[in-house]
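Numbering-wise (the working numbering), the sequence shown opens with residue 6 and increments by one. As structure tokens, the structure follows; a few thoughts come after it.
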Amino acid sequence: MEMTTCNVCGKIFGAPSGSICPACRKLLDIVYEKARAYLRDNPKAEMKARELAKAIGEDERLVEILMIEGRFENKDSEEGDSAAEKKRKKLLEDLQRSLAKPAPKEEGMTTYGSDRHGGDRFGRG
Ligand SMILES: [Zn+2]
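Here you go:
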């Protein structure tokens, strides 16, 4: 088995995949749960490893690794955003359509009337 140095604690361990030892992986899960709960309660909190780590009282390095791994990317909210985005786009299109009215047509009365009177024929004879 290949030996890898743990990204978190620096311990050398046999790694089938990844570069975080099982002990730290467990720890990361706990930190992740904490961080996620914190972000849920503070949606406007800055996504900075240092700030987040301080807020939840965990090691900055652990939070950083979670961020690098993309654990905080919420796919559910992304879907919601795209649905809202679609709606907004449609509203915008409607607005643009109502603003960009077609230029008013020039209405000129240009009917060439041709009144011709044919002469009467008297065919008496
Ligand atoms: Zn470790």
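Beta carbons: idealized from backbone N, C-alpha and C, even for Gly.
Within a 10 Å sphere around the beta-carbon of I70 sit 16 or more other beta-carbons, which makes this residue buried. Checking the DSSP bridge columns, you'll see G19 partnered with M8. Take the alpha-carbon of C11 and the one of L67: they are about 12 Å apart. Counting C-beta atoms within 10 angstroms of its own C-beta, L104 has fewer than 16 neighbours from the protein chains shown and is therefore classed as exposed.
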